[in-house]
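Visitor:
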Amino acid sequence: MKRNKIDEISFIGGLIGWLAVNPKATIDNRVAEANKAGWTVVNIIPGGEQNALLRLLRFIILVATLGLFTFGDGVYVIFEKEE
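If you want the numbering used here, it's the 1-based position in the sequence shown plus 22.
In structure tokens:
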């Protein structure tokens with residue numbers, strides 16, 4: 023029997039996210055950690071936030087921090103494991 027799990031990986035936006043965060047390395051680390059526990063990646067789906075209120079909140083935070091920080095979009099990683 024196969025078990026599935028979904029991990030959400032969120033990224034940081036703004037100048038801090040642009041300079042300090044490597045999305046590929048973040049995903050690689052999370053997948054490597056899951057692989058050690060016996061999970062296999064099935065799919066990686068972009069997690070675009072389409073909620074207008076959330077987009078407005080992200081913009082307000084970006085303006086309030088003078089462009090340094092906001093919440094970024096992330097990805098959903100779907101894993102499966104044979105039991």
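A virtual CB, placed ideally from N, CA and C, is assigned to each residue, including glycine.
Taking the alpha carbon of residue 66 as the point to measure from, which residue in 24, 101 and 26 has its own alpha carbon closest?
Guide: 101
Visitor: Given the structure, does residue 33 come close to the ligand MG, in the sense that its CB is under 7 Å from one of the ligand's heavy atoms?
Guide: Among the components of this structure there are no ligands whatsoever, and the ligand MG is therefore not found.
Visitor: Go to residue 85, then tell me how far its alpha helix (DSSP H) extends in each direction, as first and last residue.
Guide: 74-86
Visitor: Spell out the partners DSSP gives residue 49 in its beta bridges.
Guide: Note: residue 49 sits in no beta bridge, so no partner.
Visitor: What three-state label does DSSP hand residue 36 in the structure shown?
Guide: helix
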